[in-house]
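Remarks on the structure that follows.
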Amino acid sequence: MNNIKTPRRRARSLALQAIYQWQFNHEPMSNLEAQFLEEANPKKIDVEFFLDIVRGTITNLAAIDKALEGVLDRKLESLDQVELAVLRIACYELLFRIDVPYKVVINEALELTKLFGSIEGFKYVNGVLDKIAISTRSPEMINK
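Per this note's numbering, the sequence shown runs over residues 6 to 149.
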């Protein structure tokens, strides 16, 4: 992972940790946000982006999981929890944050997986996100 940590990259990293924790305890969003923002330096992260990712991922979980289930080769429950959290966040961005280019979404997801996930997990995440991008962002892919 390159050492340049933009406020958005830090926000995604923090959101990944929050979603990962939420997957285990389904803590209320407000508690989760408060806990993670209390530990973060608001000058170094894009707080608004962090909140959007956490809220958007949890609120749209049914649509996100449905999109993932359509391209996975196994059940959601059998995925590594870090990889599942990365996939959910990236899928949220691909589906609902059209302002973020699909290449950025995929690259950021791969970087997070390399940092927090299993050694080879980024390869699986890449394959899944490529399929989601084709189905959700094909006009953007054609125009690039």
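No residue lacks a Cβ here, since even glycine has one placed at the ideal position from N, Cα and C.
Can you look up residue i in the DSSP assignment and give me helix, strand or coil?
i     : result
Leu77 : coil
Asn46 : coil
Thr11 : coil
Ser35 : helix
Glu1  : In this structure the chain extends from 6 to 149, so residue 1 is not present and cannot be described.
Asp85 : coil
Excluding the 5 residues preceding and the 5 following residue i in the sequence, name in chain order all residues of the same chain whose CB lies nearer than 7 Å to its CB.
i      : result
Asp70  : Leu81
Lys49  : Pro12 and Arg15
Cys96  : Ile69, Ala72, Leu73 and Ile137
Ile28  : Per the sequence shown, the amino acid found at residue 28 is Gln instead of Ile. Once the five neighbours on either side are set aside, the close Cβ partners of Gln28 are Gln86, Leu89 and Ala90.
Ala20  : Phe55, Ile58, Val59 and Ile94
Arg102 : none
Asp51  : Pro12, Arg13 and Ala16
Ala45  : Leu19
Met34  : Val59, Arg60 and Ile63
Using a Cβ-Cβ cut-off of 6 Å (strictly less than) and excluding sequence neighbours within five positions of residue i, which residues of its own chain qualify?
i     : result
Phe54 : Arg13 and Ala16
Please classify residue i: is it buried, with 16 or more other beta-carbons within 10 angstroms of its beta-carbon, or exposed?
i      : result
Ile58  : buried
Val110 : buried
Ile24  : buried
Glu38  : buried
Ile139 : exposed
Ile147 : exposed
Thr62  : buried
Ala114 : buried
Glu98  : buried
* For the 8 Å Cβ check, are there 3 or more pairs between the segment 62-79 and the segment 127-144? -> yes
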